[in-house]
Every structure is written in C-alpha cells, then in structure tokens.
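Reading through the structure tokens given below for one structure.
Quick look at the structure:
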C-alpha cells in the first residue's frame, strides 16, 4: 500500500508520462529524449511494484494514447500490443527466466527465438477482405486507431490485393529511408526534422499527395488477425506474409537459447551503420505459437516477446553559434555550430534547427549546454538545453538582413525570407540546380556545385542564360575538360525538348510537386493555358485545393516570372504536351470525377479504374463536393454515407449513386 507522499509522486510521474505520450504518439512531436522517458517510466514501474498500487490512468497499464479527431476512428479486429523492454543482457536473461517459469515443463533448455530490428517509424495495421486492401489504420490506443487508407495506398510496398481471400489484419512499420530523407530535404521548401517525423507526419497528413511525396516504405512483421488460418510458428507466419506479397524485413535471425540471442543482438547492433532505415532496438520473439499461447499476456505486453532497446545516441555538448543559410525559395534556415562531440562513433560539429520559433521554444542560447541526439546517419537533432543557461550564455538574435546578400528579410508565418530573388546567390544557385534536376529538365552533369561555379566564374544569374553558354567559356573552368564540357552542352541542348509537366515542375512553383505539375499538364495541355488559369478554375480540379491554386496564380501573375519564362521560350525551350490519344466517344462518365467503394464482384480495383478511365472518367480515392459519381459494391461503408450526406445537405444534390449492377447494365447498352 502506498503512503500519501508516494501516491503524490506516482501521480506526478503518471501525468508527466501521459503528457509525453500524447506528444509522441498523437502529435508525433517528442518532447524529451528516449532515455529521459525511459528513466521516468522505470521510476514509476518501480514504485508500482514496491507498493502494489497502480493509478487507473498509469501508462504502464495501457497502450499508447487516444487518436486525434482529424481522421475517422477505426476499430482493430485484434489488439496491437505494446512490448516490454530490456536494455542490458542481464535484463534479457531475467526476462527469459520469467518466461521459463511461465512455461513450466513445456520449456526446454534452449527455447527457439526469432529476432528482427525494431524499426523507428509509425505502426500501420492493414485490413484485407476477399483479397483486397479495405482499410489501413494507425495503432492509436491499441484497440482503436485512425483510418489512413488513402495515405497508406501511396506506399508502393503495400499490396493492394493479395492471394489470400479471407479476412486478414497485418501489422507493419511505415518508415522513411535515410537516403530518401536526405534527398527530400535537399529540395524541400520545408526540410524534415528526422525520418521518423517524416514518416509519421506523412501518414497522418490529410493530403495523400504529401504522403506520396515522402516515398515511404513498409516492413510487415505480424499477422494480428486471420479468419481461417493458424500458424505453427513465427517462421510459418512470415512465410505466409511473403507468399501474399507483403514486404518483410530482410534482417531476420533465429537463435536457440538466450546466450545465442545476446550474440545475435550484438551483431545486429554492429550492423546499424550499414542500414538505410532508423532502428532503435531488436525485437525478440518465441518462434513456436503453442508456447506463445501458453505464455500468454500481461495487461499490457505479450510475455513471449521483448524489445531490446539500444542505448540512445544522446550526448551533451556546447552550442557555440547559430548561422543562417538561404535556400532555393529564399527561406532562412538556422544551423547550430557545436563543440565537436562523439556520438555513435561519429564526430558531430553541426545540427539543424527548424526556425527562430524552434530556437525560442527549446530555450537555446549561444554557449549553452544542449542535448544532442543522432540516429544512424541522420543529421543530428538538438532536443533542448541540458542545463539552465548561465551568465556565460547569450541570446540568439533574429536576423534582420539576408546573410548572403544583405537584403532586409521579410517574415511569413514562422519563417524568414530573403526577397532578393534576382541577385541572392544561394537562391539562384539552388534554383538553377532544381531546374536542371533529374525530375525536372534532366540536364545530366549539372549539379548545385556546377551552378555555383558558373555563377562565380561566368556570372550565370538566370536560367535562360544556361542556353547561351558557349563551349569555349566552359573549357578554362576548373574540372571542365573537353569531353565533360561537350557532354554538358549536349545535355543543355537536349533539355530544350522536355514534357510540359517536367517544365512546370522545373519552374519551382511554390506548393507544386511532380504530381500536381503532371495534373496541370494533363488538364490544360499547353503552357499558355496553365499560365492563364484562374484560381476558381484551378480549385475546381479534383486534386488541387485553394492554397495550391493561389500559389499557382500568384506565381504566374508576377511580371518577373513571365519575363523569365518568355526568355526561356526565346532561347528555344519548347515544353511538349503529351500526345493526345484519340478522343473517347462521349459517355455518361466523360469528364466526371468518380469514386469507387465497397466490394465489387466482377472487377478488381485496377480493372474498374482502367474501365472508368477508358470511359473518360477521372477516378479519385475520396468523396468530396467535387465527386460526380459514387460507384459502390457490397459493404460500401463510410464513403457511401458521406456521399448520401452531401446529397441530403444540398451541397451536391446531383451526385449520382450507382451500384455495380447498374454500372454493368450501362456497359452492356
């Protein structure tokens, strides 16, 4: 029984941990390093064990936190359990001792275990019925999560259909690969803080286009529910996942006995620098399912599995200074210069910060001691101050002038921008590199380093000047031998004939990525029509919202932009529209936006999309006021309900609801 003072301490710890849980799980915004959270959690666990008392809202008694209200709730068919954790080999041995005790005579001297990396991303629960993906959800509180089907569908690794025809739930971890993270941040208007936030933020973003832009990956590790299949072992379950085209971790290991498990864990930890994903430990599971059933569960954890957490790569060091860097859009981003410190075998001298608000929120000052966290090969992150600033510390001033060109900066929301788009070197160099990039005009051999060299040596200040370069001007430059110079000239010439979608993306229109550029090119067909489009016209397009539409019209409304485009056209750049296919004979679906929902008996999802496209329709995933037709099958669910509400409210009284039988009759006419 706990005394009043101990109860008060437990209440303080519970409130503190629940607050941290909310920020970590619900907001994807960790407030403290993992090591600090684990210390508080262990302190609470020790008090509970010593007193035999648990507060009803203790985080040791439940999984995660409640979902936020931005997405619809989804009830999992089977619970998604949390895992108990250990941090030393001694704790690992103690865990197995308890497991042996639980299994009794069923346990032999060398229990067989499966080991896999514990990926650091966002847990996803996939639901399949009749071989089709029908739902995807976050973990939430373990029983109820947030429905994120449209977002998860953008992950190429997720199978939309599988051979298995029963009802199935598969659990996995959505991750952003380190290489993708680094490439994304090189051109992103808003760089990501770290890959975990990149994955979690993408999956919980209401706009699936944002999710798609992050190019997430998935590793599946567990069948949570299977309507008519039982497995003898974890190995058999993984084989089933592979047979059904689910992505499974390539780094799986099997070991007999806890000593062998410990050896494997040491080897896996040593292999972390070679990984292209974030991991924070190794999950150890009993292989045999009959033994799992006998071991059972506590109120929170399965007794047959445990997470071996690696030591957090967190240290303290001194923040010596903050320097401001200018990006392609003119945004000023702060970078912290640190007293060099070893983290995970790497010497760290710099760390990124988001903006001036981030500096203030974390209470950072020059010469203060800060917590630094480094995960794998990711740019280190400052978590906050390690001690209260002393007299030796000094405030970090907000810049009023661009560090590159001296222009007076302007504030837009939480960010600072240099307005000197015509002469600020970092903006011009990054803009040239973006224009020449592989996804844009694809000028082979033209990098940001090349752009900086030409800026300094040849006074290259605008994109159209690329097309006036002469071979003899390149040859004297450092690194430009005859062959390299000739290749670059040929690549520049070839870039004059690129698709309209590539050209639009190359222009660097704010908030317009590759997909939106493609949508604009497909819809308008010519550069002139895109430039003349009004905000009202753009908003009417299915995949373009008010913010993107405003960005497009504002961009093309600027005189300097029109002059720059005209200079490119005068230089011979000819954006080419995709060849138009022969026009479809007009049908009831021509020009209509169609959403498909429910189970169809005579079409797969891919077949129905192709059929509708052949009829002239545009197929989208979500119901909105822009939807013209909802084609539904059995168990249509929330999309049908939403469409009915749009009709009843009068917002889209002309929205047509069509079942599969009616659709087949139309096809046969």
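In the UniProt record's numbering, the protein residues as written are 1 to 669. Note that CB positions come from ideal geometry on N, CA and C, so glycine has one too.
- Item | For residue 289, three-class secondary structure by DSSP | Here residue 289 sits in helix by DSSP.
For this session: Throw me the rounded Cβ distance for the residue 462 and residue 72 pair, which I believe falls under 8 Å.
Result: No, residue 462 and residue 72 are not in contact; Cβ-Cβ is about 48 Å, not under 8 Å.
- prompt: So, are the CB atoms of residue 309 and residue 87 less than 8 Å apart?
  reply: For residue 309 and residue 87, yes; Cβs fall inside 8 Å.
Check whether the segment 348–365 touches the segment 411–419, counting contact only when three or more Cβ pairs, one atom from each stretch, lie closer than 8 Å. Touching, per the Cβ criterion.
task: Mind the definition here: the segment 198–218 touches the segment 112–131 only if three or more C-beta pairs lie below 8 Å; say whether that holds.
output: In this structure the segment 198–218 lies against the segment 112–131, because at least three pairs of beta carbons, one per stretch, are closer than 8 Å.
- Query: Between residue 272 and residue 216, is the Cβ-Cβ spacing less than 8 Å?
  - Reply: No. Outside cutoff.
Problem - Simplified DSSP state of residue 41, which is helix, strand or coil - result: DSSP places residue 41 in helix when its eight states are reduced to three.
In this structure, does DSSP put residue 570 in helix, strand or coil? In the structure shown, residue 570 sits in a helix (DSSP, three-state: H, G or I).
Exercise. Along the chain, where does the beta strand (DSSP E) that runs through residue 518 open and close?
Worked result: In the DSSP annotation of this structure, residue 518 is not part of any beta strand (DSSP E); the continuous alpha helix (DSSP H) holding it starts and ends at 514–524.
Suppose you measure from the CA of residue 51 to the CA of residue 91; what does that come to, to the nearest Å? Taken atom to atom, the span from the alpha-carbon of residue 51 to that of residue 91 is near 22 Å.
Decide yes or no for the touch test of the segment 627–647 against the segment 589–599: beta carbon pairs closer than 8 Å, at least 3 of them.
-> Short answer: they touch.
Every unbroken alpha helix (DSSP H) inside the segment 304–374 [4 residues or more]: Fully enclosed alpha helix (DSSP H) runs of 4 or longer: 356–361.
Margin query: Whole angstroms are fine: how far does the CA of residue 371 sit from the CA of residue 37?
Written below: Straight-line measurement puts the Cα of residue 371 at about 14 Å from the Cα of residue 37.
Subject >> Element boundaries [beta strand (DSSP E), containing residue 132] >> reply: Where residue 132 is concerned, the enclosing beta strand (DSSP E) stretches over 132–138.
(message) For residue 592 and residue 586, I'd like the C-alpha separation in whole angstroms.
(response) In a straight line, the C-alpha of residue 592 is about 11 Å away from that of residue 586.
Nearest-angstrom Cα separation, counted from residue 512 out to residue 584: Unreliable positioning characterises residue 584 in this predicted model, as indicated by a pLDDT of 49, which lies under 50. The coordinate reading is nonetheless provided below. Each residue's alpha carbon lies about 29 Å from the other.
Inspect the beta-carbon positions of residue 636 and residue 623 and report whether they are closer than 8 Å. Residue 636 is not a Cβ neighbour of residue 623, given a cutoff of 8 Å.
Original post:
Are residue 245 and residue 334 closer than 8 Å when you measure CB to CB?
Top reply: Taking 8 Å as the Cβ cut-off, residue 245 and residue 334 do not qualify as a contacting pair.
- Whose C-alpha, out of 651, 605, 616, is nearest the C-alpha of residue 626? Ranking the options by Cα distance to residue 626, first place goes to 651.
Proximity below 8 Å, CB of residue 277 to CB of residue 115 = No; because the gap between Cβ atoms is not below 8 Å, this pair is not in contact.
At the level of alpha carbons, what is the spacing between residue 367 and residue 9?
Counting only the Cα atoms, residue 9 lies some 34 Å from residue 367.
- Message: Just to confirm the assignment, what range does the beta strand (DSSP E) spanning residue 129 have?
- Response: Judged by DSSP secondary structure, residue 129 falls within the beta strand (DSSP E) whose first and last residues are 122–129.
### Query
Where do the ends of the alpha helix (DSSP H) carrying residue 261 lie?
Where residue 261 is concerned, the enclosing alpha helix (DSSP H) stretches over 258–270.
Let me know the secondary structure DSSP gives residue 255 once reduced to three states. Residue 255: strand per DSSP, three-state reduction.
Relative to the alpha-carbon of residue 290, which residue among 112, 325, 364 has its alpha-carbon at the smallest distance?
Looking at the Cα atoms, 112 is the closest of the given residues.
- Determine the burial state of residue 346: buried for a count of at least 16 other Cβ atoms within 10 Å of its Cβ, exposed for fewer. So residue 346 ends up on the exposed side.
If we ignore side chains and look at the alpha-carbon of each, how far apart do residue 670 and residue 428 end up?
Residue 670 is absent from the model: the chain starts at 1 and stops at 669.
| Under a three-way DSSP split, which group does residue 657 fall into? | Residue state for residue 657 is assigned as strand, using DSSP reduced to three classes.
| Roughly how many angstroms lie between the CA atoms of residue 663 and residue 620, to the nearest whole one? | C-alpha separation (whole angstroms): 17 Å.
Mind checking who residue 220 pairs with in its DSSP beta bridge?
Bridge pairing for residue 220: 172, 248 [DSSP].
Along the chain, where does the beta strand (DSSP E) containing residue 631 start, and where does it finish? Unbroken beta strand (DSSP E) run through residue 631: 629–632.
(Q) Contact criterion: CB-CB distance below 8 Å. Does residue 595 meet it with respect to chain C? (A) No chain C is present in this structure, which holds just one protein chain.
query: Per DSSP, which one or two residues make a beta bridge with residue 116?
result: DSSP, once it has assigned bridges, lists 283 as partnering residue 116.
Check: Given a threshold of 16 other Cβ atoms within 10 Å of its Cβ, counted over all protein chains shown, does residue 426 qualify as buried or as exposed?
Finding: Counting Cβ neighbours within 10 Å, residue 426 comes out buried, since at least 16 surround it.
Going by C-alpha to C-alpha distance, which of 364, 490, 640 sits closest to residue 392? Measuring from the Cα of residue 392, the nearest candidate turns out to be 364.
ask   = Is the segment 480–489 touching the segment 437–446, taking contact as three or more C-beta pairs under 8 Å?
value = As far as the Cβ criterion goes, the segment 480–489 touches the segment 437–446, which means the pair count is three or higher.
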